Every structure is written in structure tokens, then in C-alpha cells.
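Using my numbering, the first residue of the sequence shown is number 4, and each one after it goes up by one. Where a beta carbon is used, it is the ideal one built from N, C-alpha and C, also for glycine. Treat the numbers as computed from the prediction; the structure is a model and nothing was measured.
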Amino acid sequence: MKKLLFLLVALTVSVSSIFAQEATELPLDCNARMGKLDNGMSYIIRHNEKPKGQANFYIYHDVGAIQEADDQQGLAHFLEHMAFNGTKNLPGKAIIERLEAAGCQFGRNLNAATSWDYTQYTIMDCPVTDETIDLALLILHDWSQFIALQPKEIDSERGVIMEELRTRDGASFRAQNDMLKHLFKGSLYERRNLIGYLDDLKSFDHTALESFYKKWYRPEYQTVIIVGDIDVDQIETKLRSIMADIPASPADAAQKEVVTVPTTEEPIISIFTDAELTQSSVMMFARREAMPKYLKNTYMGYTYDVINTFASIMANNRFSEIAEQADAPFSSGGMSEGGIGICPTMEATMFTVTAHEGRTDEAFRAMYTEMERIRRHGFTAEEFERAKQVMLSWAERQYANRNDITNYEYTERYLEHCKSGAPIMDAESEWQLCQMIINNLTVEQLNASYKEIATPNENLVILVRSPKRENIAVPTTEEILSIRAEVEASEIEPYEDNVVIRPLIAANTKLRGSKVKTCVTNESLGYTEWTLKNGITVVVRPTTLKADEVQIAATAKGGKSLLTDRLCFTGGLLPSVMMQSGIADFSATELEKALTGKYAYTNMSVDNYMHSAYAGGSPKDIETILQLLYLNFTAPRFNQTDLDNIKNIYVPTFRNLETDPWYAMSKSYLNTLFKDNPRRQAATAADYEALNIVDLEAVHKSLFGYADDFRFVIVGNVDLDTLRPLVERYIGSLPTSKSVKYEVVDDGVRRAQGEEICDFNVKMQQPKVSVSLNYNGTIEDNAKNRMVLNLLRRALGSRYMVSIREEKGGTYGVSVGGNIERYPIESYTLTVEFDTNEALADELIEICDAELRKIAEEGPIAEDIAKAKEFLQKNYTNIFETNDGWITAINYWYDEGYNFKDEYLGIVEGVTADDIRAMAAKILEDGNRTLIIMRPKAE
4 MKKLLFLLVA LTVSVSSIFA QEATELPLDC NARMGKLDNG MSYIIRHNEK PKGQANFYIY
64 HDVGAIQEAD DQQGLAHFLE HMAFNGTKNL PGKAIIERLE AAGCQFGRNL NAATSWDYTQ
124 YTIMDCPVTD ETIDLALLIL HDWSQFIALQ PKEIDSERGV IMEELRTRDG ASFRAQNDML
184 KHLFKGSLYE RRNLIGYLDD LKSFDHTALE SFYKKWYRPE YQTVIIVGDI DVDQIETKLR
244 SIMADIPASP ADAAQKEVVT VPTTEEPIIS IFTDAELTQS SVMMFARREA MPKYLKNTYM
304 GYTYDVINTF ASIMANNRFS EIAEQADAPF SSGGMSEGGI GICPTMEATM FTVTAHEGRT
364 DEAFRAMYTE MERIRRHGFT AEEFERAKQV MLSWAERQYA NRNDITNYEY TERYLEHCKS
424 GAPIMDAESE WQLCQMIINN LTVEQLNASY KEIATPNENL VILVRSPKRE NIAVPTTEEI
484 LSIRAEVEAS EIEPYEDNVV IRPLIAANTK LRGSKVKTCV TNESLGYTEW TLKNGITVVV
544 RPTTLKADEV QIAATAKGGK SLLTDRLCFT GGLLPSVMMQ SGIADFSATE LEKALTGKYA
604 YTNMSVDNYM HSAYAGGSPK DIETILQLLY LNFTAPRFNQ TDLDNIKNIY VPTFRNLETD
664 PWYAMSKSYL NTLFKDNPRR QAATAADYEA LNIVDLEAVH KSLFGYADDF RFVIVGNVDL
724 DTLRPLVERY IGSLPTSKSV KYEVVDDGVR RAQGEEICDF NVKMQQPKVS VSLNYNGTIE
784 DNAKNRMVLN LLRRALGSRY MVSIREEKGG TYGVSVGGNI ERYPIESYTL TVEFDTNEAL
844 ADELIEICDA ELRKIAEEGP IAEDIAKAKE FLQKNYTNIF ETNDGWITAI NYWYDEGYNF
904 KDEYLGIVEG VTADDIRAMA AKILEDGNRT LIIMRPKAE
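The structure is reproduced here in C-alpha cells:
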């Protein structure tokens, strides 16, 4: 690190002389009020009106699982749970109840997270009134020092957290624990998994939790962050007042230790296999001491981050090129730089590849070779120039959108400052600084610095992950070391950059175009409708919600219902294949290079009864966006090499999924609910094996061959006069047909009728029971019925939170979903899903049914409905703060004649308790109940 810092000093001095010293702190955004109370608690307060009338209230604790003693494992996370189970001023569930009454939904707007080195509590999108401000500040106050930790509540929460552990304990969780043991070998991090262990969670003494709380939840380790439509002076005064009774810590209070990871001269290698893993991968970490936190908010620290971003962009492009090659050993790969998100005193150059099955050794060889190529030869001037354009384009977008930053984005930025010391600069200063560094940095300077950053000679950790199968070859530690030695001893040629610059659409291409035939406006929704002479409808709604954003959604009815049973799977996969294959005569990486410096994207979607094309990007690149959209309709790229690479990824993955409990649950769910209908089957390895270009081309032709039945909705910062000729040129040139019409076809898919039960056993490493309870029936699809079902599912969710999670401690959470569909017949579904243990499973299923019966007989609890309505009414205002929201509203109007903007709030308010009771009664009366239960197979 010392040598690296020396190089950075030289680099920062050579790039600019703006700062007298390279370690000079960067200017703080004057709109962020930062301060410290007498007791040592810090705060950051900012006024912001995105969205209006709402604010975020966070408290960040600079402590986490790493502060646990060996007999306190999991208690940092357990304490986070207890913060919602009673405090000095808000006993029991008062925090949840009072915030939900104000429109803040638990889990979505009210939440918390525990990591190794920090814990954060969040109240998001809180409506701003005098009452809610005082409530939110009181909650932050109590979270600081006054969590009740009542023994009865602690014991009640044990079951919830044990079920959370059971739910999380899959292959990825076990792989993470293995990573901790090796990546942080010799440090506390290898022994802290955040959530703890079942035996400890069952038996820890109540006093252990209180001891951890009193020892570490102290004001000098806490920062309050408040951002939103508030008066900063008023909030600061209130904050100082309410936190005044929290004393400063005594002089002899415990101090946090700086936990470091021991250095190693020899590589640390882990070969981890798991029966439930589905893909092989290799991760390599060239570890190093992290840049000190005090340097993060300096010119040197900012330059360091720019160098790392440059290197990651260029390296990732190289890995993408390799993955596209015929017979590539890996399907994806990349490099990232900096912190790992776990240990703040360590960072790394991280390489990752997802290997094709049985070729993990080859994938590692290719990865290590590319790392060596970068270390020996650096990056080329051409790569550097493209990365520079990407970086400048990103910085320009950030600056253009400087007045459109949301409360959430600001609070996340301030949290990162608390965690790592990242800068809090105003947009103007950051824009100027970013341009200066990017424009003055040279490829020679970057390569010189990067050789020091990515040196792999010591502190190297290599993690190999593979499914546990007899027929899958997994390299040994000795083989990994041998490959490394061979690569280091070999001659490696410099990277050759083969880029041919050409336009997306050749200059000699004749686009026939189509002029606007009619133009009408809608004052309520603020859009202009153009009907082109070729019959295509284009709806444009200019907004200034985000200065540097435009979105396009083109939708048509039909989707997979227009395809035969055999082609259904191909139809669903078409968008993914197109995304990975590029467009016209551009491969995916060639397309990325062609778009360097531009912000433009497209993607397709094929659902059961609708197919769509989406596009978007920067308004200044609107012509490029429309060109991409045009090519997605007219020039899809289906290439055998690309298709083979896709098969090499998914055929073995789905073969390995056969031992994954989640996959078994998915198959049983679909087969039971849809009675083995071939159009509703879980994907298999055979499905991917059968993919072919002929079918892909046929499906594309069937769904995107003609555009006159698509409705193109364009929303964003666009000028109608500028946009119109481009729409006429590109959308106007899309093929149309008077004989081919896209309409939904009744494909015969129906859900199971009557009572159906599928109760089966599966071998699993972490025993648990997964339950999916489904009700269905026919109903008219309209806005009122959708709202009634929405409120019913929310009422059920509130009841299950009490009866299943809190009273029984039987699950981490119950998911309740409800939906009304128009196609193929108008119908509803209500779904209840959860994980639990064998002892409680059947009892909890009975509770699920009983709660629905209770609502059908007595109606919902008034407070549950009032809370749900408050949330929906609050969330409504946020919808129209985004371009996505306007697209949704416009499509509702065209598809249903439903004015979402003007009618939604009235519908919410108009739903009565009796409407909800009647919906529950109808569901029970219809009697269509499907229950899928997956239990662990006895060993």
C-alpha cells in the first residue's frame, strides 16, 4: 500500500495542480447539513423534494457482527430484529403499527440491515407532517439507546430468526461461509456469518443480548441521516432536543478494535462443492490493505476510484469478448476493484468467471492468463479512449440529472460516506473534478498505477465452486497451483484491439418512413398521439422528471398465446437470446463498443399474453435509441456460436437443478396448479438442448415481424418537434401488414379446479418445509375488483404477520400475492407462501385457511385496511414522479379506458370492508384450492 500511495501522490500531482496537496479534503456539499451533538452523535440533514411531501429517516450504527464476542454470534442481527419489538417510548409493536398507520409499510418503508461492520435502520418515504416527524425522531432516539429487550419478546423472536436462517441456508449461503473462512483466514471475519447458528440462537442468555447492546450502541458510533421535504433548521433543532437525554459515553467505554486480515505469502485455495450448486465458478482475489478511510474524501482517493473504474471497464470488455468466442471455457467473467463489502481494512482486485461444466480448470487458466496479460502489458490506448468516453458519458448524465436525485439516492450516498468515507460533493464540483481527472489521466499513468494495484504475488486467494456430482471434474489445489505456475512461465502476447467503427444502420440503407397522418392530444394525461400513415400508433408524453432520461415501451397483445405448444419455450427465451447475441451484424461486445459514449439500450419481452419491445437512454441519443428499436424488429442476430454458448451455460445448469429443492418446488407448483399443461412447464435441460436458430427466427417473425398492432409509448425529456421526424423515419419504416393481427388466442390454459394437494419429499441439506397455497376462480377484470383483491391480500398479510410470525415464531415471513388476469379468461389468483419447519408446517397451513375464513365471516380488521389504504394513497404520488409510472397510466387508458391518474384514489377510498369480506367469501365459495407442500426427505 505504501508504494501504491507513493504512485498515487505522483499521479495526482501530475494530473492537476488545483489542490495544493493531494490529501486535501474535497469540498462538501453545502446543502448537506452536517454536525455533531454534544454526546458525540453525528447527523446529516438535507432538504429534497423527490418525492414531495415525504422524507427518509435513517440511523447508522458503526457496529456490526464483528463486534460480537464468540459467545454472542448472531446477536448483532438479533438486536436489529428486537428494535421492532418494543422500545422505551413505543412498547410492543407500536413502531410498526404507528408508522403503518401513517402509510409506511413494514419491510418496504420500515426496515433494517446488519452487516459485519455496521447496522442501519431505515424509515423511508414517510409522509411529512408535524406528527410523523416527531414520531420518526422518537423512533431514532429509542433505537439509539432505548430498545426494550424484554425477555418474552426475545424468546418469541428466536423462532423467527431460526426460520430466517433455515430459509437462507442454501448453496449460496454455504458458499459464502466457505469464502469467509478462506478470504479472511486468521481474522474474526472468518468466524462471523451474521445470522449465527441454530443451537446458539435457541439457547443464548437474554443478558448476552443486552450486554452487546449496552456495550456498542453508543452515540459516538451513530449517525442520523434525514433527507426529504423538510425544514433543515427545524429538524436540526428537534434532533438536538430529542437526543439531549442520551449521555456521552464514559471515558473507559470499550473501543472498537481495527480488525485486519493477516497477510500470506502463499496462495490460499478453497475447492468447495455442494449438491445444490448449479454452476461452476472461480473467484480470485489479489488482496491488499485498503486505502485509509481518511483519504477517501480527498483528491487522491477520488483519483484512485477513477483508476479502478477505468480498469474494471476495460477488463470486463475483454472478458466479454472471450466469453463470446466459440468453445469459450467460461460463459461470463469480469473484474472489479476496491472494497469487498465485508472488511473495511481490506480490498482487492477481484476476478470472477462462471465456468462451463467440466472446464473449471480451463476457465481458471483463461482468467489467470488475462490477468497476467493486463499486469504485463497493461491496457491499450484504444481501450483507454473508449473507457474515457464511457466515464465522461456517465459523469455527464449524473450532472444532467443533478436536480432529479431522489431522497433514497441521497440517503444511500450519505450511508456510503459513513461506511467508507466516500465524498459528499455538490454536483457542480464533482462534475468539474471528474472531467478534469478523466481528461488529464493518460493510459501510461493508469498502467503504471495499476501494475501496483493488481500485483498477485502475495495475499492471493482462489475460490473454486462446483456442483457436487460424480461426473463433473473439479480441479484440485495442486492442479490450480500448477496452472498458475504454467501461466506465469508462459509467453503472453499483448491484447489486440480489433474494432471496426461503422454505423448501426448502413448509410446506403433506404428507410421508406411514414409521416404522421393524424395528431390528437389528451389534456388529462398530457400526451400527444400520432397515428402514422402505416397505421402505427405513437403516444408521446414529454416530462422533466429526469433531465437525462427517455423511455419507450412498445406493446402488442398475443404473446406466447400466438405460438404453438412446441414453440412456447423458445418464445419465452427469445428476449434473452437476443440480448446475448447482439443485433444486425454486431455481436454483443461489438454493439457495446459501437455505443461507446452513448446511453442507449433496448430489450424485448415475451409474456403469456403480451409481447413488447423496450428502449431508452439519454434524450441526446434519441436517434440511436430509435435505430436500436428499429433493428430489434427488423434485424435480429441469431448466430450458431452465440446459441452454442447459451446452451453450454443452461443445459448443464438445468441438469444440475434436478437436485435443487427450489427447482423441485417450482416443477410441482406448475404441474399441480396447471394440471401438467405443456404451456406451463418448468424449463429443462432438454428444452435448452432443443433450441435452434430456425425456431428462434420463426418466433421472432411471428411476434415482431409486423409493428402496426404495437402501441409505442414514449415518455421523458423529449421535444415533440425534434422527435417527430425521427419517429417518422425509424418507427415509420417498421414493416406492417393488413392481414396479420396480434390478438390474444385462448390457449386453453386453466388453473386446477376443486381441491388439489401435492405433498412430496425432497432431499435437502438444510431441512425445511416450503408451502404454496393457491386459490383461484373467475371474476371480472376491472380496477375496482383489482383493488379489493389487493386490499384483501394486504389484510391477510397483516394477520399472518401476527398469527404466524409473531405468535408462532413459525416463519421469517409469509408472502401473500393476489392478481386478476384478463386472459385467457377473466380470473383471479390468491397465493400464500412461506418456509417453516416440519413440526409447525401443518398447523401454519390451518392458520392460513382460518384467517381467510375469518375475514369472509367477520370482515377485515379496520386498522389493517386503514393502514393499507394509507400506503397505497401515499405511494400513488410517487408513481407519477417517474417516467415508468406515466407509461403505466397511459397503457391503462388505452387498454381499459381507465384513467389511473384521476380515478385511482377514488377507487382506493371507495373500497369498503364489506367488499373485502365478500371477496374472501367468494374465494372460499369457489372452492378452488391448490396446496403444494415440499418436505425434507428422511435420511
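Roughly how many whole angstroms lie between the Cα atoms of residue i and residue j?
| i | j | result |
| --- | --- | --- |
| residue 237 | residue 75 | 40 Å |
| residue 426 | residue 45 | 16 Å |
| residue 47 | residue 226 | 7 Å |
| residue 508 | residue 392 | 21 Å |
| residue 362 | residue 643 | 21 Å |
| residue 166 | residue 234 | 42 Å |
| residue 773 | residue 837 | 6 Å |
| residue 97 | residue 366 | 54 Å |
| residue 702 | residue 308 | 45 Å |
| residue 622 | residue 325 | 33 Å |
| residue 1013 | residue 207 | Residue 1013 is absent from the structure shown; the chain starts at 4 and stops at 942. |
| residue 479 | residue 501 | 36 Å |
| residue 22 | residue 302 | Model confidence at residue 22 stands at a pLDDT of 45, short of 50, so the residue's coordinates are unreliable; what they give is reported in the following sentence. Going by the C-alpha atoms only, they are around 8 Å apart. |
| residue 753 | residue 77 | 46 Å |
| residue 926 | residue 414 | 43 Å |
| residue 215 | residue 271 | 33 Å |
| residue 941 | residue 766 | 8 Å |
| residue 462 | residue 37 | 38 Å |
| residue 1 | residue 751 | Here the chain covers residues 4 to 942 and nothing more, so residue 1 does not appear. |
| residue 213 | residue 219 | 10 Å |
| residue 889 | residue 880 | 12 Å |
| residue 285 | residue 468 | 6 Å |
Would you mind sorting residue i into buried or exposed? The rule is 16 or more other CB atoms within 10 Å of its CB.
| i | result |
| --- | --- |
| residue 522 | exposed |
| residue 763 | exposed |
| residue 539 | buried |
| residue 544 | buried |
| residue 311 | buried |
| residue 743 | exposed |
| residue 3 | Nothing can be reported for residue 3, as the shown portion of the chain is limited to 4 through 942. |
| residue 281 | buried |
| residue 111 | exposed |
| residue 54 | buried |
| residue 831 | buried |
| residue 359 | buried |
| residue 553 | buried |
| residue 506 | exposed |
| residue 356 | buried |
| residue 379 | exposed |
| residue 210 | exposed |
Across which residues does DSSP place residue i in a beta bridge pair?
| i | result |
| --- | --- |
| residue 764 | 938 |
| residue 122 | 64, 117 |
| residue 533 | 522, 541 |
| residue 225 | 64 |
| residue 404 | Paired residues: none, contrary to the question. |
| residue 560 | 613 |
| residue 38 | 46 |
| residue 129 | 58 |
| residue 150 | 90 |
Quick test of your reading: residue i and residue j, contact by CB under 8 Å. State the CB separation rounded to the nearest angstrom.
| i | j | result |
| --- | --- | --- |
| residue 395 | residue 441 | 6 Å |
| residue 504 | residue 376 | Contact flag wrong, Cβ pair sits at about 24 Å. |
| residue 464 | residue 384 | Not a contact, Cβ separation roughly 33 Å. |
| residue 550 | residue 403 | 5 Å |
Could you tell me which uninterrupted beta strand (DSSP E) segments, each at least 3 residues in length, are contained entirely in the stretch 783-833, listed from first to last along the chain? Correct list: 818-824.
Can you check the stretch 189-261 for any alpha helix (DSSP H) of at least 4 residues that lies completely inside it and give the ranges in chain order? List check, alpha helix (DSSP H) in window: 201-206, 209-219, 235-245.
For the stretch 259-306, which segments carrying the alpha helix (DSSP H) assignment without a break, of at least 4 residues, lie completely within its bounds, in sequence order? Within the stretch 259-306, the complete alpha helix (DSSP H) runs of at least 4 residues fall at 296-299.
Starting from the N-terminal side, write out each stretch of the beta strand (DSSP E) that is 3 residues or longer and does not extend beyond the stretch 329-400. Within the stretch 329-400, the complete beta strand (DSSP E) runs of at least 3 residues are 333-342, 349-358.
Runs of beta strand (DSSP E) lying entirely within the stretch 588-660, each at least 3 residues, in chain order: For the stretch 588-660, the continuous beta strand (DSSP E) assignments of 3+ residues that do not extend past its boundaries occur at 603-609, 613-620, in sequence order.
Within the stretch 684-724, ranges of the alpha helix (DSSP H) (whole runs, at least 4 residues): Complete alpha helix (DSSP H) runs here, min 4: 688-692, 696-707.
Every unbroken beta strand (DSSP E) within the stretch 451-488, with a cutoff of 3 residues, ordered by chain: With a minimum length of 3 residues, the continuous beta strand (DSSP E) runs that stay inside the stretch 451-488 are 463-470.
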